[in-house]
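One structure is given here, and the rest of the page talks about it.
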Amino acid sequence: MSSGGEVAESGHGGDGAANGRTGRRPGQSGTREAILAAARARFAEVGFDKASIRSIATAAEVDPALVHHYFGTKQELLTAAMDIPIDPEVILGRLRSVPLDQLGENIVRAVVGLWDSPVGVRAVVAVRSILGGGEVSLARAFLFEVVLKEVRTRVDSPPGTGTVRASLAVSQMMGVLVARKIIGIEPLVSMPVEELARLVGPTLQRYLTGDLEFTE
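Just so it is clear: in the sequence shown, position 76 is 80 by my numbering, and no numbers are missing.
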C-alpha cells in the first residue's frame, strides 16, 4: 500500500497500452469484485495453500499489491471470498492455549457460541448459501486448509491420522449446526451452549485424541 492510501492498478502492462487501455478497473467496487471472483475460482481449483496472491491478481488483471490493499492476508481474502463475516482467528485464538485433552468441549463451546451470536447469524446464512450454491470445494479449502489446519497438526497421532480425526470432528459439528441452526430440532435449538458442550464435547474428544483403532 502506498502512503496516500492508493495503489496503482496494472493490467497486462504493454498489452494494455498497445490497445489504448490503461489497465485500471472503473472504481473500487469493480476491482474488489474482480479480485473476489478470481479468488473463488482459484481457491476452488487448487486449494488454499497452492493458490498464490500473484496468481489471483493475474486472473483479476490487477497488481498483487491491490489484493493486499483491499483484503489483507490470503486467509482474509478466502474469508471474504466465502462471504463469511467471521475471522477464523477468532476461534483459532481461543483454542491455541486449550490443553489437548480439553479440546472437544472447547471447540463446541467456541463454535456454537459464535453461531449463536449476532455475527453468527450471518455466518449461518453464508453456510446455507455455500451448501445450496455448489461452492463445496471452496468450503472444503476453508475448513481443512485454514480453520482446521492447526487442529489437524495437534491431533496427528498416530502420525498421518490428523486429517481423519479432523474430518470426523467436522462431521459432528456440521450435524450440530444443521440440527440447531438450519433445520431447528428441539431440544438442540434451545439447549444452552454449556450443556451442548458437555454432551457433544466427549464425542469430539474421542475423534480428536481417542483410540480409534486405525488399520494399516
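Idealized CB from N, CA, C, for every residue including glycine.
In this text, all values refer to a predicted model and were calculated from it rather than measured experimentally.
Per DSSP, residue 209 is one residue of the alpha helix (DSSP H) stretching across 197-213. Of all alpha-carbon atoms in 152, 179 and 175, the one lying nearest the alpha-carbon of residue 166 is that of 152.
If you ignore the 5 residues before and after residue 128, its C-beta comes within less than 8 Å of the C-beta of 119, 181, 185 and 186, all in its own chain and listed in chain order.
Judged by DSSP in its simplified three-state form, residue 170 adopts helix. With respect to the C-alpha of residue 196, the residue from 121, 41, 173 and 143 having the closest C-alpha is 121. Distance from the CA atom of residue 149 to the CA atom of residue 56, rounded to whole angstroms, is 14 Å.
Per DSSP, reduced to three states, the secondary structure at residue 188 is coil, with no helix or strand assignment.
By the 16-neighbour rule on beta-carbons within 10 angstroms, residue 190 is exposed. In this structure, residue 205 and residue 112 form a Cβ contact; the two beta carbons are roughly 5 Å apart against a cut-off of 8 Å. CA-to-CA, the gap between residue 109 and residue 169 works out to about 15 Å. Taken in chain order, the unbroken stretches of alpha helix (DSSP H) that lie wholly in the segment 50-87 and span 4 residues or more are 57-64, 68-75 and 78-85.
Take residue 39, set aside five residues on each side of it, and the residues of its chain with a beta-carbon closer than 8 Å to its own are 60, 61, 64, 66, 70, 71, 74, 75 and 81, in chain order. Boundaries for residue 219: no alpha helix (DSSP H) harbours it, and the DSSP string shows neither H nor E there. Put simply, of 101, 78, 83 and 219 the residue whose alpha carbon is nearest the alpha carbon of residue 155 is 101.
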